[in-house]
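Chemist:
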Amino acid sequence: MIESKCFLCEPDADLLVTAEGPVFTMVGLGPVSPTYVIVASQFHLPSLADLAIEVPAVIDSIFRVRRKIESIRGPLVMTEHGRVPVCRDYDDHEKHCFHGHALLFGVNSAALDPARDYYSSRVEFDAIGPALAYAAQQDAYLLVSRSPEAYEILSGPLNAPRQLARTLAAIGADEAQAADWRISPRRSDAVMMAAVLRTAMELSK
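Last residue of the sequence shown: number 208 in our numbering, and the count goes up by one each step with no gaps.
(1) With distances taken Cα to Cα, identify the nearest neighbour of V40 among G31, H47 and L48.
(2) Can you tell me which of A163, E127, G175 and Q166 puts its alpha carbon nearest to the alpha carbon of A153?
(3) Quick one: what's got a C-beta closer than 6 Å to L200's C-beta in the same chain, skipping five residues either side?
(4) Output needed for N111: all residues of its chain with C-beta closer than 7 Å, excluding positions within five of it in sequence on either side, in chain order.
(5) Please name the residue, chosen from P59, D129, P14 and P160, that lies closest to R86 on a Cα-to-Cα basis.
(6) Keeping to the same chain, check which residues put their C-beta closer than 6 Å to that of G132; ignore five residues upstream and five downstream.
(7) If you draw a straight line from the C-alpha of M196 to the C-alpha of H102, how long is it?
(8) Taking A143 as the reference, give the member of R165, A130, S150 and P188 with the closest Cα.
(9) Quick one: Cα of S123 to Cα of A179, how far?
(10) Return the Cβ separation of I156 and A130 in integer angstroms, given the expectation that the two are a contact with Cβ distance under 8 Å.
(11) Within 10 angstroms of its Cβ, does P88 collect 16 or more other Cβ (buried), or is it exposed?
(12) Going by the CB atoms, is the gap between A163 and L146 shorter than 8 Å?
(13) Please report the residue range of the alpha helix (DSSP H) in which V61 lies.
(14) Quickly, what does DSSP pair R86 with across the bridge? List them, please.
(15) Can you check whether the CB of V42 is closer than 8 Å to the CB of A172?
(16) List the whole-angstrom C-beta distance separating L135 from L51, where the pair is believed to meet the contact cut-off of C-beta under 8 Å.
(17) I'd like the ranges of any alpha helix (DSSP H) spanning at least 4 consecutive residues and lying wholly in the region 128–205.
(18) In this structure, does DSSP put A16 in helix, strand or coil?
(19) Would you call the CB atoms of A118 and L48 closer than 8 Å?
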């Protein structure tokens, strides 16, 4: 299935939270946890690792955005499926829009532990810069960060499914039935979450 319109190329204004330099922040459709935020590149690049090479300032931007939201909403797990076309879900014969982005979930970090079973390699880092530098050397990868000081890069996928991180987060939040955002978009919940975050971010400046 190929999306006719990329939701990151044309983000829904009602879901936008902030725009900071090379990245913007929005609430994703189908929120599966009390906080569900997308931090996306303003540019068409395959991953945040690629963006960090082109625009090194992105590392600080992502770190600041995450810290700010965590100060408002509590701890978040950050994930990124690097070098996967954002608009391709089911069709392996076509490629659509590469648009590097990370997902931030308000779930227990242990919910993402099963992701390790879908990859042959795991390397840990204590900062986002070195993690993205290593990720840039991989063909495809999954970044999992349980805190701003803990990152792991999973590579060598072993039949890793699309939306693996979101599915595991949904299961961890007892929302397994809402894992597919197309089936369960919950747009009104997402719009409300975005409005709350926008207000909180403004008040915390």
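Beta carbons: idealized from backbone N, C-alpha and C, even for Gly.
Modeler: This is what the structure gives:
(1) Position 37 of the sequence shown, counted from the start, is the residue given in the question as residue 40. Selected option, being the one with the closest Cα: G31.
(2) Position 150 of the sequence shown, counted from the first residue, corresponds to residue 153. Out of A163, E127, G175 and Q166, E127 has the C-alpha closest to the C-alpha of A153.
(3) Here residue 200 is taken as the residue at index 197 of the sequence shown, counted from 1. The residues are V20.
(4) Counted from its first residue, the sequence shown places residue 111 at position 108. Counting only Cβ-Cβ distances below 7 Å, and skipping sequence neighbours, we find G175.
(5) On the sequence shown, residue 86 is found 83 positions in, with the first residue counted as 1. Considering only alpha carbons, the answer is P160.
(6) Walking along the sequence shown from the start, residue 132 turns up at place 129. Hits under 6 Å: I62.
(7) Residue mapping note: residue 196 aligns to position 193 of the sequence shown, counting from 1. Residue mapping note: residue 102 aligns to position 99 of the sequence shown, counting from 1. In a straight line, the C-alpha of M196 is about 23 Å away from that of H102.
(8) Working through the sequence shown from its first residue, we reach residue 143 at position 140. Comparing Cα positions, the closest option is R165.
(9) Taking the sequence shown and counting its residues from 1, one reaches residue 123 at position 120. Taking the sequence shown and counting its residues from 1, one reaches residue 179 at position 176. Looking at the two C-alpha atoms, the distance is approximately 25 Å.
(10) Here the question's residue 156 lines up with position 153 in the sequence shown. Here the question's residue 130 lines up with position 127 in the sequence shown. About 12 Å; that fails the 8 Å criterion.
(11) The sequence position of residue 88 within the sequence shown is 85, counting from 1. That one is buried.
(12) If you number the sequence shown from 1, residue 146 lands on position 143. If you number the sequence shown from 1, residue 163 lands on position 160. No, these two residues do not count as a Cβ contact at 8 Å.
(13) In the sequence shown, residue 61 corresponds to position 58, counting from 1. Here the alpha helix (DSSP H) through V61 covers V61 to R76.
(14) To locate residue 86, count along the sequence shown from 1; it is residue 83. R86 pairs with nothing; no bridge assigned.
(15) Translated into positions along the sequence shown, residue 172 becomes position 169. Translated into positions along the sequence shown, residue 42 becomes position 39. Cβ distance not < 8 Å, so A172 and V42 don't count as in contact.
(16) Position 132 of the sequence shown, counting from 1, holds the residue named residue 135. Position 48 of the sequence shown, counting from 1, holds the residue named residue 51. Sure, about 6 Å apart at Cβ, within 8 Å.
(17) 131–138 and 167–175
(18) Along the sequence shown, one-based indexing puts residue 16 at 13. Correct three-state label for A16: coil.
(19) Within the sequence shown, the letter at position 115 stands for residue 118. Within the sequence shown, the letter at position 45 stands for residue 48. In this structure, L48 does not lie closer than 8 Å to A118 by Cβ.
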